[in-house]
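Okay, so here's the structure we're looking at.
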Amino acid sequence: MDYSTRPLTQEDEPFLWQMLYEAAHLEKEGNLTVQDAINNPDLAKYVKNWGRKDDSGFIAILETSNQPVGSAWLRLLTGENKGYGYVDDQTPELAIAILPQHRNKGIGTQLLTHLLAAAQTSYSSISLSIRATNPALSLYKRFGFEIILGSEIINRIGSISFKMKIDF
C-alpha cells in the first residue's frame, strides 16, 4: 500500500489519541479504550492540547483512501509534567504508533526517518520509554537509540520498561 507523510497539525489530535492508545498497548490490558488513555493523566500529557510551541511530529496517510495509519511525535514534558521517558528539560520524548493492520510495512521506519531529521534542527537528543518486550526495540537501536543504563523500572502492568536516548 502506498502512503505519504506530512507534519502533524492541531486537527490531528483526535487521531493522536488513537495512536497513544496503540503506543501504550492498552488493547493488551483488556477492555480498555481510547477514552481510558484520555482519562489517564500519565498518558494524556503526551497528546492533550496538541499543537503547543514545542510539539512536532508526522502522520502517515494511505494515499488510496486518505486515511491516517500511523504517527510519530515529540513532546517536551518538563517540571511536574514529566513523562515516562523523561531525561531532562531539554530532551523531548518520542511517541510512535502504527495501526495494527499496517505494521511491519516500513511505515514506522519512514515516520522515524522524517521525525529525526526534523528534530536535529531543534534538539540535541530525544528520549523514549519502551517495554523490554516491544518489537520496536530493534527499530530504535537501528536508528541509534541506546538504552540508558539504570533506567529499568517495573511498569504499570508489572513488566520491565526502560528509557532509551539518541544524541545528535
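1254 is the number that our numbering gives the last residue of the sequence shown; the numbers go up by one with no jumps. We treat Cβ as the ideally placed atom computed from N, Cα and C, and that holds for glycine.
DSSP places threonine 1199 inside the alpha helix (DSSP H), whose first and last residues are 1193 to 1205. Collapsing the DSSP output to three states places leucine 1118 in coil.
Going by beta carbons, lysine 1131 and glycine 1156 fall outside the 8 Å limit.
Straight across, the Cα-Cα distance linking proline 1100 with glycine 1236 is about 35 Å.
With 16 or more other Cβ atoms inside 10 Å of its own Cβ, lysine 1249 counts as buried.
Relative to arginine 1161, the option among Gly1230, Leu1106, Ser1224 and Asn1152 whose CA is nearest is Leu1106. For proline 1093, the uninterrupted beta strand (DSSP E) segment begins and ends at 1089 to 1093. Aspartate 1128: member of the alpha helix (DSSP H) spanning 1127 to 1130, first to last residue. The residues Ser1247, in chain order, have a CB closer than 6 Å to that of isoleucine 1239 in the same chain once the five nearest residues on each side in sequence are set aside.
Beta-carbon to beta-carbon, leucine 1201 and alanine 1158 are separated by about 5 Å, close enough to satisfy the 8 Å threshold.
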